[in-house]
Structures are given as C-alpha cells and as structure tokens.
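Which chain is which? The protein sequence lines are X and F, in order. Under numbering that gives the first Met the number 0, the first residue of the first sequence is numbered 0, with each subsequent residue one higher. Under numbering that gives the first Met the number 0, the first residue of the second sequence is numbered 0, with each subsequent residue one higher. Each remark here refers to the structure printed beneath this line.
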Amino acid sequence: MKLSKAQYDEIAQFLGHVQPTRQSLRKLKEKFPSQSQSTLLSIFSQEYQKQIKRTHAKHHTAEAIETYYQRYLNGVMKNAAAPVLLDLANEVDFAPSLMARIVLERFLQEKEQAIPSKTLISSMLRDPSQIPDGVLANQVYQCTVNDCCYGPLVDCIKHAVGHEHEVLLREMLLEKNLSFIAEDQLRAKGYDKTPDFILEVPVAVEGHIIHWIESKASFGDESSHQAYLQDQFWSYWNRFGPGLVIYWYGFIEELDCHRERGILLKDCFPTDIVTLRHSMAQR
Amino acid sequence: MGAASGWANRSKPSRRINPTPVSAERPLSKPKTCFTSTPVSRSPAAHWSAGSSPEAFAAVQEGNLSSVMSNSLQEEREMLKKERCKLLHQASSPAGISFDPGTPTKPSYTRSASLPAESHLVTCANPAKVSCKKQLECLAQLYSSCIAENLVPNIFLELFFVLQLLTSKGTSTAEDGDSDPEISERNRDVSGRQHFESVHNCVYFAVRVLDYQFEIISHLEKGMLKLLAENERISSFSPTLHKRLRQAYESSTAKVSLLLPCSVQSVSFQPETDNRSNFPSDRAFQVFKKQRDIFYELLREWEDNHEKTVWDFERVLGSKIRAMMAHLSATCNHSRFARLFQKQLIQMCKGPIGGGASWGDTPDQDVLNMLGSDNLSRLKRLQERFVVPQSIRGPCPPPSFPGCQQFFRDFILSAGSYQFNQHLVDSLCLKILELNGLTLVEHDHSDGETDMEEQDEKKRFTVALLSLRLLAKFLGFIVFLPYRTAEQPAGDMPDSALVLRNQTLPVLDILKLLRQSIRDQRSILTIPWIVEYLSLVDHVAPFLDYYRKVFGLLLQVYRLMVLSEDKEMSFLNKLLILAVLGWLFQVPSVPEELFFTTDDRQERFVMDTVTSAQALDFVPLVDQQLLYTCCPYLSELRKLLASFVAGSGGKNGGFIRKITPTAAESLAPKASVTQQKLQVDLEQAFFHNQPPSLRRTVEFVAERVGSNCVKHIKATLVADLVQRAEAMLQDKVKEEDVNHDKLLEEVCTHLYEEGAQALIKGREFCKKKGPEAVRVLLPEETSAAVLSSAESIAVELATEKACGWLSANIAALIKREVKATFNRMLKVPGFPLPGVDAVELRRDCPPGCQHCAPFPSQMINEIKYVLCVAVGPREEGEVVDYVWLECLLGRLSQTLRCRKFMCPTAEQQLAKCTVELASLLVSDRVPLSLGIKSSEKSPERLRGKNDPTSGLLKLLFSIWKEDFGTSVPVQLIFSKKNVGYLTEAKQREWDLFLFLLHGLTEHELMRTSEIQSCLHSLEELPWPSDFVKDLKRLSRVFVSEHQIEKPRTNPCELTRQSLATVTTQS
C-alpha cells in the first residue's frame, strides 16, 4: 500500500510517544482503520525504533543505569510478582526488552564482579531460564514477551516474515516462468553483495528494465529507504544494473524517484512485465 | 584566421548564433603561424620580426612545390594581412583590438563585446562586380594546390577561412563606391589590397577554391552539402559548382548525429575475477567492496550536482576521494580499482560528446508509444539541437574533457595519488595495447554475407577506435600532468629539464607503435589515438628527442597523405587522419615552428610496408559519422554556413550507399620439414580456401568448448571430489585434536590421483561437444569432408586448450576448493555436532499440501499474544478464549506441517514458545475463558480428565511429537523459572503437572530417567520447604506410577487414577 508523504506524516505524528504494547497497537488500528495492520505495525515499529535511537544514550549513562537497577531492586522487594521492570520501562519511555537488558547486565556485573559478555546476555534474554535469579528471570521474560518492537521474539518474527516473503516472491517468479539465481547461490559463487534474486534474463517492469529483485517485508519510510539505498540498492545497481525493490508493506510514494536511474519501487509483485521476445501482460 | 575575427566583428548582434574567431580559441598559446592566419592585431612588421617561420615555410614550400612561384605565396600572405588590418580598422568596436593572440586569454573569453553596435544588411555579392579576376584565379589555384598537397598545417582551418570569405559581408559604403570593375582593376596597381577589398572578390575567390576542393567537400556530411548547395552566392557565381554540389547533396547518405544514445551502466560484477578468491585477504576484499560502492556514490553525486554553479568538485568530493585512496593504499588494492575506473571510463565516455548527458538517455517507452519510432528520430534531432553546443568555436578547439570525462579527470586530480596514477597508467596502457591489436576478419566478396559482416567489423572498429582515443587522452593527461604549466615557460627552454627528461623512457613506446602501424598499414587505427595522447603534451615535451621523432614522423605522414581516391587507402580514412593531425598541429602546447621546420635528424619515412592480413588502411572503415565523432570541430564549417543562411529547410531523400570492402590476401605460412609443422600447415591450407567465417567458427568453437570443458570438470569431477573430501574431513576432524593443515594436505594428496581423471573426461567432453557446435554453426550445405575436418580441428584445439589448463592446474584447483569447503565447515556453528539442520532437511510438506496454512510469523505473533496475556500485566477482564486457543493450536499444527514458508529460526522459536505455553498452562497462569460454561466453572468440575487444560496439553503433545521438524526443548519445563510458576500451586496444578510428565514419556519426548534426574536436581534448589516436599512427593508418585503402569496402553486414563492417588495421599 503506497502512502503519500502527507498520509504517512499523519500516522507518524500520532505515533509520537506511544508505548510499544499490545494495547497501543489496538488503539492504532482503531485510529487508522483503512490502513492494513501490517503496514501500521511496520510503521509503528520503525517510528518507535527511531525514537529509541534518539534516546538510547540517555538511558545508558552510569547514573541512569544505577537508578534503574535500584528502582528494580526496591520494586521487587515490595512485590516480586508485580511488573516492576515493564512499568519502569514504560514510565521512562524506553523499550522493555532494552530495559531488561540494562538491568540484567547490571545484575550480572554485580554478581560476577566482571562485565558479562554480550553473547551471554543475549542468550539469557532469549532464554530467561538461564538467568540465575528466579525473580529477575520472570521480570525479564515479562518484558521481552510484552515488547512489540524489540527483543528476541520480535526479531524472530521479523526474520520469519522476511523469509516468508522471499518464498512468496520466489513462487511468483516461478509461476511467471522467470528464471533467477537466488541469494544463496550467488553467495556460493562469491558475489560480495547479493540481492534476493538476480534475473538470469532481464525483464522490463512498467517500461523499466530490471536485473534484480529485492524483497523487503517492511514499510519503506524515508530513513529506512535511505539506509537501504546506501547499503544495498545502489550497491546492487553498481554491480548488476537497474533493479526492483518490493516493499510488501508499502512505502512513501515520493520515495519512488529513482526509476530513471534504475531503482524501481513496488508494493506488490508487478503485473506489467515485458519479457524478451514476448509480452506476458497485455499493455 | 584573423579574417575570422574581422568577420565576426561585423556580424549583426541580432543573430542567434555568435560566431567566434578562430584565433581566440587557442587562448593558452601564442598562435600558430598558419598559412592563412596572421594575427589580426599584429602589424605586418611585427609579424615578420616574430621569427623564422616564413623562411621555414618557404624552404618547405620550395622543396615540394616547385611548380608554384614562392613569391606569389608570400605576396598573398601579405595581401591577406593587409586585408585583415583594414577590416580591423573598419570595425567600430574597440573590442576587436583586444584580440591579441599573443596574450593568453581565458577560455571563457566572451566575444559578445566584439559585436559592433551597427547592423548592416548582408551585401548582395555580385559576380559582375568582381575585379582582378585573373589574379584571383591565380591565387585560388595556388592556394588550392597548397591545400591539396598538404602544405598547410590544417586543411580544415583553410576551408573554414574560405567559408568565412564566402559568407563575408562587406560594408555597404565600400561596395557602392566600388561598383565599377574597371576602377578596381586600375586601383589594384596602386596597392595589392584591393584584391580582397570587396565582398564580390572574396566570394569569387572562395567559390573558385571550393570548386578546386570539391572532392574534399563532397565527402563532408550531408547537412553541410545542403547548405552549400543552397548557398545563393555559389549559385550565382558558379552555376556548375552549384549543380555539382546539388548532385553531391542528393546522393549523399552521410547523415551525422553527434548525439549517440549512451545509456550509462555500471561495470558488472564478475565472480571469476571479482570474488573473494581473487583477493589476498578478507580485508582487501571487504575494503574493495566498499570502495566500489563509494566510487559509484561519488559518480552519482557528481551526476546530480556538477551542473549547479555553487557545486565544486574538489570541495565536495576531494576529501572523500583521498580517504578512498588511503584505504586502497592500505590494502594494496590500487590496481583493482584502477581497472574498475578504466572500465567505467570506457563505459560512460566512449560516446561522441563525452558520454550521455543523463543517466536515462534511452528513449522512454511512454514517449516511444506516444510518438512512434518515426517521430522519435525527429525528436532526437530536436534534442540534439538542444544538447549539442551550437556556438561557433572555430575548427581548432584545444583539447578538452567534455561530459562525463570531466568527472574522471577531476577524480584523478583530486585523488593526487601516485600509486593510483601508476596503476591507472598500467591499466590504460594494457587496454590500449589490447585494442590497438584489433584484427578484422577479411572480407570475402564471393558470398552474400559481406554486408552484414562488413557492418559488424566497422562497428567493432569504431568502438575500438573511440575507446582507444579516450584511453590515450587520459594516458596523455596523466603522463604529462606533472609537467603541465598554464602557459609556455618564459624565456629559454630549461636545458637541465630537457637533458634529464631526455634520459627517461616513455611509459608506452608510441614511436614504436607508430612505426609499426605505418609498416603494417594500420595507421587508421593508431594515429587517431596517438594524436589524442600527444594533444596533452606539456610545453617542453615536444622538444624532447623522443617526441621530436614522433612529431617528425607524424608530419611526414601528413605530407604524404595526399587526398585522392586511390586503391591504397579510402578517402575518408585519409581525411580522418588529416583532420586529427591538422588539429594536433594547432594544439596550444605543440610548438608552431614544428610544422615549418624540417629536421635533418628525422628518420626516413618507411615506405616498405608489409601487406599483412592485419592491414586496416585499405578497408573503408571510416564513414562520416566516425569522422565527425572523432572531429566534432568539423561541424564548425557547417555552423558557419548555417549562421549565414538562417532558416533554410527542405526535405530530402537518399539511398543507402554501399561501401564495398577490399580484402587483403592472407599469406599462408611457409611449409617446414617437420611433420608436425606440416600438419599445422595443412590446417592453415585447409582454411585458406574456405570462407573466412569457417575459420572464425572453428576457432570460436574451440575457444568456447575448451573453456566450457574446464567449467564442466569443475562442476562435476572436482565437485564430487570435494564432496568426498568433505566427508573424509568430517570424520577425521572429529577423531581428535588434529592439525588441520596436515589433515587437509593428507586428504588432498589422496584426491590428486583421481584428479588425473580430469584429462580423460576433458577429452571426452571436447570430443562430444565440439562437433555438435561446429555442425550447428556452419551452413547446412557444407560438404561432409569439410565438416568433418572442421570438427576434428575444433576438437583438437579445444582439447589442447582444456587439457593444457587442466593438467597444469587440476591439483591446485582441488586443493583450493577443498580448503574453502573445509574452512566453511569449521566456521559452521556447532560443528562438528551432527546438525539439527540435517534432520530438518529431510522433512517435506505432506502430499497434496496446498501451502495455505498460516505463516509461521503469524503463529509466533499469536502465541506471543497468549504469552503476553499469561505473564501479564492484564487489563481487567482480559481472558484467553479456550476455543480460540484450541483452534490456534490446530492452526499451528497446519503451519508446522507445511514446510514451504518455514525457516529454522521460526520453528525453534515456535518450539520454545509452545513449551513456555505448556508451563504457563499447567500452572494455571493462562486466564482461560470457557464461554457460556465459564459461569458454571468450579474447581470440582475442572478437575479430572475433562479438565480443558489437559485437552490443550494433549494437543501440544501431538504437535511436539508429530509436527515439529526440529527438536522441542521440553526440558525447559524443568527450568527453575518455569517450575517456579508452581510455587503457589494447588492440587489441581500438581495433577496437571503430573499429567504433563506422563504425556512427555508416553509421546517419547523425554525418557523417564531424564525426567527423574530433572526432578532430582530441582529438589536441590533453594525452594521454600513446603514446595520441596511437594516436589519430592511428585517425584515419588511419578516413579511409582510409571513403573506400575508400564504395560498399560492408554496413558490418559492411567493418569487420572494416579492423580487420585496423589490427592488422597496429600
């Protein structure tokens, strides 16, 4: 679903300081009933991540960490069953999963008298059963489960969604009889940067020749699109020529401005495809 | 040339196109003493004292043109000078004086100021008013001979001058008073000035010269001919010339477009040369990956912004480029980058105006649909008028870097990197030598395919020539860059610099290449790019011994290349060489005396040319399009005419003129005594009497089949060996802590023997594939004998190529591949454990699966929701509907069965989440709502086998057992955290937990002993004492139950009984 910049801004405006909980998501859906849920969720997630990036440093000062840890200790002392960490995160406008990470890291540091490795912490966040303290384990789990923008569960969902759309795209390519080389094959051949699919025989989409297709199971907003252009799309262009990006959850219409230069944006599999020698779709 | 400025001064200001005096177009140097060009602002006296040029010229002229009196030449020069002086004085604008060619002026020098305020109508030139016809005729003849014998440094400059005369406008006052030819005749004796004082005389002279030079003119492009044919002055002064021009125009097909479509593309990534194995280290590979992207980023930025006035290349991109250079230096990647740079340069800039004006130059499909292809060409012409510069800049502009070339030049300048320049020079030289070696297949008149072949060959030649010129220009730019000065060094030549520079060797021996090209009759390819190279010389270089020789040789070529249609070389080939050489002689840094001094040290021109199969000069390779592409300044002639006759139109037709190529005979090598040689000779002889396409086909097939053979061996035999090696390594690496290098060596040695198979297989491959390909590619009618010979030669050549490579490289190849595989193997996380993936891979969708189950991501999301509600915090009255949850698990089962969209991480996450869900269910943390029944809900009702939770658990057992492809971490149920959910549990929860434990064993998800040990270790943890008691009791019951119930079959029924037992005991 393509959104105009104005439509997008309206949504982003609303998302200003919404907490990443299931309750907020419900409200969002009520406010913008005409937009698809996945688009809204994707925008919400991106906006929230932007906000977190802006405030990340603030929550990682030594003072802040100490304050959070003390508040956690006091909180669970009073009532271990209460959602102490989750409430704390919401109160200071920080992602629950990230708050859990801060407190867990601080906890381990005290317990082990050494700075714990990142992998250990990540592993404990993924499986809180490994956390030596039962109360903290429950608190951390509550945070990661309730967080709908960060955390191992969300990461996994994003990964799965990406994979599913790649599979979908592959199916569509097969159905249209367009032969392609997939990313894993390209990697095996030693390509340094690889789009999801390279077409063995280029086709024209809406009059533009494309050599590759990249699937993005997210909404294309300005900042993510710029980052993708920089890290991926232009790199693909530099190696393989013009190509197509499919933002399955839509994008800001105005971003589709590099068509002439060779980056085409779509929010679905294109119907107007012209192949070499014969036309698949009647113009 | 001076006349040009006089003429310009008199042009009307209202004119759309401002003509530009030629002399000012070489503002960085003092002007050349050209045949017709005396600087306007100089007095004749000043000129004569300026140097030895006239004498030098006279010497040359005496040696070569004995039939013409030298005096008359000088006389003419003087007359022209005077004429110019006069014109200059007549010019009302003082700006005319500022044309002091001795003073360097900026290229952006504006000529608009020189336009006089007054505007005169073009005087009507009248043949009847011409005076001193006899003398003019004599001068015209003389002048034409000089042009025809190449005694002028640049014939087009002279033609430009002639056209200036043709289009000159006299002042009306001068014309009116000078109406009587008799008076003029008498006045002539008083002063020689009168010859060119009147427009009528100028036009008369010009028309006479044009008549003599008709052959050259008739070879120019069609638009030019059209303007000449429509020129009223020509038609009134010489109806015969007019008629000839008309005919030439009507039969000409030489339409020229300076706007070739040029779609800019990136240099594609080729794994064979660009993948990791081509780099010494991972770091070098990674760095280069980044540099490639940065390079294109810079290019795009330049594309977007360079036309904006405030944008400055160095300021915006300079530091980025230098940072890039530093990275390249650190990883020794310069040569690789230089290659990319050079390839991109060719890709973007080989078009006529320095590459496309924009990235999307190819016609838009929408536009094409709208206009149709016919109108599209009109649109193109229109576009050309907008894009191609129309202002007159004179026929000798200084070397420049138009269009995209500018980016590459500025990049080199900003980079300022010695390493980069050195590698770029290497890369450029390499490519130049490669392209300079271009061979064309000889043309065979006997068959009908010549036209097509000829066109292909011409295209190949054009591409090679344009690329060569581009590369040579950049090579010259870099080579002479360190010595570049804004103007000629003042005073005497710095001798010390000369002495030292005479010692150094040039990077590319262009003198040798030039000599070779003359000897092999390939100058049509070589001279144009050598000219580009030399056009960038610094002011000192031409005085070096080496370049003196080069220029001397070029000068001789120029002199001897008399234009006429002869068998040796086509007219247009010669015209191109003359045009580029003439241009070179006018380049600012090329000293003017060069043309007029005969150097005794000059070597004798090698006339003993060798007629080889590689000769190009005979082949009519140059057409007007190529001529004008190489020398865009030739269209200045047309612009001059066009600005005179504004707004002429008219349709024209034409037929396609065929250029019949002449074939050079190839010389079969002489026979030798050895048998092997004889075979080779036989093979050559075989090809000799066959059409050349046969040989090309055979060589092509051999080359491709040989190459494919190696690829095939890699993909089959080597791949198999690598797979076996992998298996061997997998076994051995697990055995003990072995030395990996040694192990690798061991395994490889084992495989080398089998690698010898490659040669046998390679031979088989070539023998099978070679003939197939030859048969498909040769004409059906080829006789059986010829076909079989061709096949066997192709097979022989292919085998030679493939087996030669294989025998030399197979061992190294095997080792490399095995090593790469081994490294990958070691990197796989969890190695050398037999991966979970292996189990996972075997699974497939159930037969007839429609792949319409919910997506895994959707399922994770929904289960996450349930977990959320379970762990809270919950809103008031927030519940999970039992039926919905049951349904969710049903859908989960479907999702897990369909493998299409599943990925390992998603499946593992689902497994973990469902275990978590089970723990939350047994500890009654999930607020289940039973719909209508919920009102009747009572602890008694929920206990026993109809407990809804047990139903959900049963579903989970089945999913874990049947549907998951990955192992389910059920042991998490016994984690401290999850068991902790039970701390405040009542009897019902303990019952459910026991039910869960039994389920696990019955579905073989865990062994009884495993559960027992889990429970035991749980008892060790610091729980409240009551809870430890409960745990112990549970453990006891579980063990006893399990032992008793073992022979029984229905687990659920049994569990109900055992739970009752536990209850009574508690």
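Where is the CB? At the ideal position from N, CA and C, for every residue including glycine. Bear in mind that the values here come from a model prediction, so they are computed numbers and not experimental data.
Quick one, are the C-beta atoms of F/Leu-805 and F/Leu-758 less than 8 Å apart? Indexing the second sequence from 1 puts residue 805 of chain F at position 806. Indexing the second sequence from 1 puts residue 758 of chain F at position 759. Yes, these two residues count as a Cβ contact at 8 Å.
What residues from chain F crowd round X/Asp-191, counting only those whose CB sits closer than 9 Å? Working through the first sequence from its first residue, we reach residue 191 of chain X at position 192. What X/Asp-191 touches in chain F: Phe-268, Asp-273, Asn-274, Arg-275, Phe-284, Gln-285, Phe-287, Lys-288, Arg-291.
The segment 773-788 of chain F contacting the segment 745-753 of chain F, beta-carbon criterion three pairs below 8 Å: No, the segment 773-788 of chain F is not in contact with the segment 745-753 of chain F.
Please confirm if F/Gly-402 has its CB atom under 8 Å from at least one CB of chain X. Looking up residue 402 of chain F in the second sequence gives position 403. Interface with chain X (8 Å Cβ-Cβ cutoff): F/Gly-402 is excluded.
Which residues bound the alpha helix (DSSP H) around X/Ala-99? Walking along the first sequence from the start, residue 99 of chain X turns up at place 100. Where X/Ala-99 is concerned, the enclosing alpha helix (DSSP H) starts and stops at 95-111.
Look at the alpha carbon of X/Asp-8 and the alpha carbon of X/Lys-77, and state the distance between them as a whole number of angstroms. For this step, residue 8 of chain X is matched to residue 9 along the first sequence. For this step, residue 77 of chain X is matched to residue 78 along the first sequence. The alpha-carbon separation between X/Asp-8 and X/Lys-77 amounts to approximately 43 Å.
So which residues of chain F does X/Asn-89 contact, with C-beta pairs closer than 8 Å? Counting from 1 along the first sequence, the entry for residue 89 of chain X is found at position 90. Neighbours of X/Asn-89 on chain F: none; closest Cβ ~10 Å, over 8 Å.
Grab me the residues of F/His-1015's own chain with a C-beta within less than 8 Å of its C-beta, minus the 5 sequence neighbours each way, in chain order. Residue 1015 of chain F sits at position 1016 when you count from the first residue of the second sequence. Within the same chain, and ignoring the five residues on either side of F/His-1015 in sequence, the residues whose Cβ sits closer than 8 Å to its Cβ are Ser-1034.
What in chain X is Cβ-close to F/Ser-966, meaning under 7 Å? For this step, residue 966 of chain F is matched to residue 967 along the second sequence. What F/Ser-966 touches in chain X, judged by beta-carbon distance under 7 Å, is nothing: the nearest beta carbon there is about 15 Å away.
Among F/Arg-703, F/Leu-812, F/Asn-277, which one has its Cα closest to the Cα of F/Cys-765? Residue mapping note: residue 765 of chain F aligns to position 766 of the second sequence, counting from 1. Distances from the CA of F/Cys-765 to each of F/Arg-703, F/Leu-812, F/Asn-277 were compared; the closest alpha carbon is that of F/Arg-703.
Please report whether the beta-carbon of F/Ile-859 lies at a distance below 8 Å from any beta-carbon of chain X. As a first step, residue 859 of chain F must be located in the second sequence, where it is residue number 860. Yes - at least one Cβ of chain X is within 8 Å of the one on F/Ile-859.
Note the first and the last residue of the continuous beta strand (DSSP E) segment covering X/Pro-194. Mapped onto the first sequence, residue 194 of chain X falls at position 195. X/Pro-194 -> no beta strand (DSSP E), and no H or E assigned at all.
Near-chain F residues of the segment 159-170 of chain X (beta-carbon distance less than 7 Å), N- to C-terminal order: Only those residues of the segment 159-170 of chain X whose C-beta falls short of 7 Å from the nearest C-beta of chain F are listed: Ala-159, Val-160, His-162, Glu-163, Val-166.
Skipping 5 residues on each side, what residues in its chain have a beta carbon closer than 6 Å to that of F/Tyr-211? Locating residue 211 of chain F in the second sequence gives position 212, where the first residue counts as 1. Cβ-Cβ distances below 6 Å link F/Tyr-211 to Ser-143 in the same chain, with the five nearest sequence neighbours on each side left out; the list follows chain order.
Beta-bridge partners of F/Tyr-881, as assigned by DSSP: Position 882 of the second sequence, counted from the start, is the residue given in the question as residue 881 of chain F. Answer is none; F/Tyr-881 lacks a bridge partner.
For the segment 878-905 of chain F, which residues have a beta carbon sitting closer than 7 Å to at least one beta carbon of chain X? Taken in chain order, the members of the segment 878-905 of chain F whose beta-carbon sits within less than 7 Å of a beta-carbon on chain X are Lys-899, Phe-900, Cys-902, Thr-904, Ala-905.
With a threshold of 8 Å between beta-carbons, can F/Cys-867 be considered close to chain X, or not? Counted from its first residue, the second sequence places residue 867 of chain F at position 868. Yes, because at least one Cβ of chain X sits closer than 8 Å to the Cβ of F/Cys-867.
Counterpart residues of X/Phe-250 in DSSP-defined beta bridges: Here residue 250 of chain X corresponds to residue number 251 of the first sequence, with the count starting at 1. Answer is X/Lys-1, X/Gly-219.
Relative to chain F, which residues along the segment 133-144 of chain X have a C-beta separation below 8 Å, given in chain order? Cβ contacts with chain F: Gly-133, Ala-136, Asn-137, Tyr-140, Gln-141, Val-144.
Can you tell me whether F/Ser-706 is helix, strand or coil according to DSSP? By one-based count along the second sequence, residue 706 of chain F stands at place 707. Helix.
One question on the structure: do X/Ile-251 and X/Lys-4 come within less than 8 Å of each other, judged by their Cβ atoms? Residue numbering aside, residue 251 of chain X sits at position 252 when the first sequence is read from its first letter. Residue numbering aside, residue 4 of chain X sits at position 5 when the first sequence is read from its first letter. Pairing X/Ile-251 with X/Lys-4 gives a Cβ-Cβ distance under 8 Å.
Is DSSP giving X/Lys-286 helix, strand or coil here? Since the first and last residues shown for chain X are 0 and 282, residue 286 of chain X lies out of range.
Leaving aside the five residues before and after F/Lys-342 along the sequence, list all residues of the same chain whose C-beta is less than 7 Å from its C-beta, in chain order. Working through the second sequence from its first residue, we reach residue 342 of chain F at position 343. In the same chain as F/Lys-342, and ignoring 5 residues on each side of it, the C-beta atoms closer than 7 Å to its own belong to Val-266, in chain order.
Could you tell me which chain X residues have their CB closer than 7 Å to the CB of F/Ser-856, listed as they occur along the chain? Start at 1 with the first residue of the second sequence, and residue 856 of chain F comes out as number 857. The contacting residues are Ile-156, Ala-159, Val-160, Glu-163.
What residues are listed by DSSP as bridge partners for F/Glu-591? Here residue 591 of chain F refers to the residue found at position 592 when the second sequence is read from its first residue. DSSP, once it has assigned bridges, lists no residue as partnering F/Glu-591.
Contact residues within the segment 212-241 of chain X, judged by C-beta distance below 9 Å to chain F: With the criterion set as a beta carbon lying under 9 Å from some beta carbon of chain F, the members of the segment 212-241 of chain X are Ala-216, Gln-229, Asp-230, Trp-233, Ser-234, Trp-236, Asn-237, Arg-238, Phe-239, Gly-240, Pro-241, in sequence order.
Measuring only the C-alpha atoms, how far is X/Gly-15 from X/Cys-155? If you number the first sequence from 1, residue 15 of chain X lands on position 16. If you number the first sequence from 1, residue 155 of chain X lands on position 156. Roughly 26 Å separates the two Cα atoms.
Give the straight-line distance between the Cα atoms of F/Ser-334 and F/Ser-426, rounded to the nearest whole angstrom. What you label residue 334 of chain F is simply residue 335 of the second sequence in a count that begins at 1. What you label residue 426 of chain F is simply residue 427 of the second sequence in a count that begins at 1. F/Ser-334 and F/Ser-426 have their C-alpha atoms some 8 Å from each other.
So with Cβ pairs under 8 Å, would you call F/Leu-370 a contact of chain X? On the second sequence, position 371 is the one that residue 370 of chain F refers to. Here the model assigns F/Leu-370 a pLDDT of 47, short of 50, so the residue's position is not dependable, and the following value carries that caveat. Against chain X, the CB of F/Leu-370 has no partner CB under 8 Å away; the residue lies outside that interface.
Would you call the CB atoms of F/Val-914 and F/Leu-954 closer than 8 Å? Sequence index remark: in the second sequence, residue 914 of chain F carries index 915 (1-based). Sequence index remark: in the second sequence, residue 954 of chain F carries index 955 (1-based). No.
Shortest alpha-carbon distance to F/Glu-875 belongs to which of X/Met-0, X/Gln-18, X/Gln-22, X/Val-17? Residue mapping note: residue 875 of chain F aligns to position 876 of the second sequence, counting from 1. Nearest option by C-alpha distance: X/Gln-22.
Let's see if you can read the secondary structure: which residues bound the beta strand (DSSP E) around F/Ala-714? Within the second sequence, numbered from 1, the residue matching residue 714 of chain F stands at position 715. Segment: none, F/Ala-714 is in no beta strand (DSSP E) and carries neither H nor E.
Chain-ordered neighbours of F/Glu-1009 on chain X, where CB pairs are closer than 7 Å: On the second sequence, position 1010 is the one that residue 1009 of chain F refers to. In chain order: nothing, as chain X lies at least about 16 Å away.
Beta carbons nearer than 9 Å to chain X: which residues of the segment 323-353 of chain F have them? Under the 9 Å Cβ criterion, the segment 323-353 of chain F contributes no residue.
Tell me the residue span of the beta strand (DSSP E) that contains X/Ala-181. Here residue 181 of chain X is taken as the residue at index 182 of the first sequence, counted from 1. That run of the beta strand (DSSP E) goes 179-181.
Are three or more beta carbon pairs between the segment 111-121 of chain X and the segment 53-60 of chain X nearer than 8 Å? With contact defined as three or more Cβ pairs closer than 8 Å, the segment 111-121 of chain X and the segment 53-60 of chain X are not in contact.
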